[in-house]
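Notes follow once the structure below has been shown.
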Amino acid sequence: MLHALAWFWIGYSDGLVYLLISLTEITGYIVYIAPVIAAYVLYLVVFRKTYISFSIFLKQLLFFGFSAILLFFQFFTVGEIYIAGYSQIMVMIALILFIADFFKTNEAVLRPKFDQAILTIHYVICVYALAAWFVRWATTVDISLFISDIDSLTGFAANRTSGLHREPSWAGYALASSYLGVLITRPHRMLVPQILYLLAIAATGAGVGLVLASFFIAHQVLISKRGNLLTRLGFLGGLALLLLFVFSGRISDVLNQRDPSSEMRLESTIVAAEVITETFPVGTGFGNYQDYAVFDPNIWNRLIDISEATYYKSDILILNFIAELGFFGILLSLIFVSNFTSRSNLLVFLVVIVMLLTSGTVIQPTYFVLAAIIGLERGRAARQAMIGPRTPR
Numbered sequence: 077m078l079h080a081l082a083w084f085w086i087g088y089s090d091g092l093v094y095l096l097i098s099l100t101e102i103t104g105y106i107v108y109i110a111p112v113i114a115a116y117v118l119y120l121v122v123f124r125k126t127y128i129s130f131s132i133f134l135k136q137l138l139f140f141g142f143s144a145i146l147l148f149f150q151f152f153t154v155g156e157i158y159i160a161g162y163s164q165i166m167v168m169i170a171l172i173l174f175i176a177d178f179f180k181t182n183e184a185v186l187r188p189k190f191d192q193a194i195l196t197i198h199y200v201i202c203v204y205a206l207a208a209w210f211v212r213w214a215t216t217v218d219i220s221l222f223i224s225d226i227d228s229l230t231g232f233a234a235n236r237t238s239g240l241h242r243e244p245s246w247a248g249y250a251l252a253s254s255y256l257g258v259l260i261t262r263p264h265r266m267l268v269p270q271i272l273y274l275l276a277i278a279a280t281g282a283g284v285g286l287v288l289a290s291f292f293i294a295h296q297v298l299i300s301k302r303g304n305l306l307t308r309l310g311f312l313g314g315l316a317l318l319l320l321f322v323f324s325g326r327i328s329d330v331l332n333q334r335d336p337s338s339e340m341r342l343e344s345t346i347v348a349a350e351v352i353t354e355t356f357p358v359g360t361g362f363g364n365y366q367d368y369a370v371f372d373p374n375i376w377n378r379l380i381d382i383s384e385a386t387y388y389k390s391d392i393l394i395l396n397f398i399a400e401l402g403f404f405g406i407l408l409s410l411i412f413v414s415n416f417t418s419r420s421n422l423l424v425f426l427v428v429i430v431m432l433l434t435s436g437t438v439i440q441p442t443y444f445v446l447a448a449i450i451g452l453e454r455g456r457a458a459r460q461a462m463i464g465p466r467t468p469r
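For any residue, its number in my numbering is found by taking its place in the sequence shown, counting from 1, and adding 76.
This is the structure in structure tokens:
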């Protein structure tokens, strides 16, 4: 239970944290998460025979060295930057890198604990998403844990439930990460987790959830040993039709340009490309994006109130890094993406790529979960390489 509580807070408490931020007015997401990660790692080191290797320490040292060089470069080239925001981003990325390395180093000890925790969490967030949908359908009351302030945003996502998460798309990321964690740690007992996952994705109406669910199901069907290839492809086609039916309304809105969420992503990409063209290779400086961005009021007045969303950039993280950090933004993106590569598992990498292309912030607790998963996969591959292939007797 301790591990489930720890991982729920580390990877799935975004709705609760943003609720606390709105109540306490103490901003800084990492302020609420970093102490829990530190306490959890300390507990694992002291009581669970895990350890922090020298290579982990060295990698952290190198990354903070990179962060310091980038900070000085920004000071000398663009002058004023948003120090608090920059620090939060770099601490967030450093913790993501740390978790991947820590779980790789201690894979044999941590896999069983993570296995139990992620299954429990998966059931909790799926059931709550379904409960939120049912209550909203029955009573028009939204019991989602955190609901965006429709006075500062247009609230186009408020017509869908987000369950325990900040918004429907974040719920899609969270559900995908918990499902992927279950798939990797318990691949032979997936029926109930899979059904709950698909139902929860349908309840939130998250487009990214549809994309990721398609990846997962295709992967499972194609690598399965049950039945011949034609049968498995037929099953895959049936599931595809079911998903298309469930999301038919959302797909129709996107194709007919009636979906504000997809329109906002497209328009923000155009704005970001213009900023990059104007400021590369130096960048705008972290936190200065809106000083250079030109948001056409004829388009944006019906999407988001830019005067309220003062730190809004684009909905593609890599573009935001390059726009604000210039050439160093490309390096930071490469460092970040490389943390999620593994020869033994492509699914984690695919989830990260989808997130990078559909969300403009790295302040996503899902990245912590994906870092733990990729760390376990790398650790398993390293352990099997040490054991070597088994020779038949």
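Note that CB positions come from ideal geometry on N, CA and C, so glycine has one too.
This structure is a prediction, so every number in the text was calculated from the model and none was measured.
Inset, instruction - For L78, count neighbouring C-beta atoms within 10 Å of its own C-beta (all shown protein chains included) and say buried if the count is 16 or more, exposed if not. - result: exposed
Inset, instruction - Pick helix, strand or coil for K389, following the three-state DSSP scheme. - result: coil
Inset, instruction - Tell me whether the beta-carbon of I392 lies closer than 8 Å to the beta-carbon of L446. - result: No, they are not a contact pair.
Legend entry - Length-filtered (3 minimum) beta strand (DSSP E) runs lying within the stretch 171-215: none
Legend entry - Cβ pair count under 8 Å reaching 3, the stretch 88-106 against the stretch 261-274: no
Legend entry - Exposed unless 16 or more other CB atoms sit within 10 angstroms - verdict on P357: exposed
Inset, instruction - Take V93 as the anchor and find which of L288, Q440, I159 has the nearest alpha-carbon. - result: Q440
Inset, instruction - Report the rounded CA-to-CA distance for I226 versus V370, giving the unit in angstroms. - result: Here the model assigns I226 a pLDDT of 42, short of 50, so the residue's position is not dependable and the matter cannot be decided.
Legend entry - Which of helix, strand or coil DSSP assigns to F164: With the sequence shown as reference, residue 164 is identified as Gln, and Phe is not the correct amino acid for it. Helix, per DSSP.
Inset, instruction - Give a yes or no on whether 8 Å exceeds the smallest Cβ distance from S98 to chain E. - result: Checking the listed chains, one finds no chain E in this structure; it contains a single protein chain.
Inset, instruction - Quick one: grab the DSSP three-state call for I106. - result: helix
Inset, instruction - Could you tell me which of I463, R456, Q460, M462 sits nearest to E183, measuring between CA atoms? - result: R456
Inset, instruction - Tell me whether V268 sits in a helix, a strand or coil according to DSSP, three-state version. - result: Here DSSP, grouped into helix, strand and coil, assigns V268 to helix.
Legend entry - C-alpha distance - L134 paired with A461, whole-angstrom precision: 24 Å
Inset, instruction - Would you check if the distance between the CB atom of E400 and the CB atom of G451 is smaller than 8 Å? - result: no
Inset, instruction - Assuming D218 contacts T237 (C-beta within less than 8 Å), just tell me the rounded distance between them. - result: 6 Å
Inset, instruction - Note down the Cα distance separating F140 from E243, rounded to an integer number of angstroms. - result: Those two C-alpha atoms are separated by around 31 Å.
Legend entry - Distance between F178 and Y470 (C-alpha atoms, nearest Å): A question about residue 470 goes unanswered here, because the residues of the chain that appear run from 77 up to 469.
Inset, instruction - For A354, name the three-state secondary structure that DSSP assigns. - result: According to the sequence as given, residue 354 is Glu; it is not Ala. Here E354 sits in helix by DSSP.
Inset, instruction - Compute the Euclidean distance between the alpha carbons of G231 and T345, then round it to the nearest angstrom. - result: No answer about G231 holds up, because its pLDDT of 45 lies below 50 and its placement is not dependable.
Inset, instruction - Could you have a look at G155 and say whether DSSP puts it in helix, strand or coil? - result: Three-state DSSP puts G155 in coil, outside helix and strand.
Legend entry - L118 classed as buried or exposed, judged by whether at least 16 other C-beta atoms fall within 10 angstroms: exposed
Legend entry - Cutoff 6 Å; reference N396; Cβ partners in own chain excluding five residues on either side: K389, S390, G436
Inset, instruction - Give the range of the alpha helix (DSSP H) segment to which S414 is assigned. - result: Unbroken alpha helix (DSSP H) run through S414: 403-414.
Inset, instruction - Let me know if F210 comes out buried or exposed under the rule of 16 or more other beta-carbons within 10 Å of its beta-carbon. - result: exposed
Legend entry - C-alpha distance - H241 paired with A207, whole-angstrom precision: So the alpha carbons of these two residues sit roughly 13 Å apart.
Inset, instruction - Mark E453 as exposed unless 16 or more other C-beta atoms lie within 10 angstroms of its C-beta, in which case mark it buried. - result: buried
Legend entry - Same chain only: Cβ atoms within 7 Å of L96, ignoring 5 sequence neighbours per side: Y108
Inset, instruction - Return the CA-CA distance between W83 and F151, expressed in angstroms with no decimal places. - result: 37 Å
Inset, instruction - Spatial neighbours of L120 within its chain, please: CB distance less than 6 Å, with the 5 preceding and 5 following residues excluded, ordered by chain position. - result: T126
Inset, instruction - Rounded to whole angstroms, what's the CA-CA distance from I352 to L221? Just pull it up for me. - result: 36 Å
Inset, instruction - Could you check the C-alpha separation between G87 and I145 for me, to the nearest Å? - result: The straight-line gap from Cα to Cα measures roughly 30 Å.
Inset, instruction - Select from L173, A160, S129 the residue whose C-alpha is nearest the C-alpha of S409. - result: L173
Legend entry - CB of F190 within 8 Å of CB of A448, strictly: yes
Inset, instruction - Closer than 6 Å by C-beta to A458: which residues in its own chain qualify, once you throw out the five before and the five after it? Chain order, please. - result: No residues qualify anywhere along the chain.
Inset, instruction - For L282, name the three-state secondary structure that DSSP assigns. - result: Looking at the sequence shown, residue 282 is not Leu but Ala. Here A282 sits in coil by DSSP.
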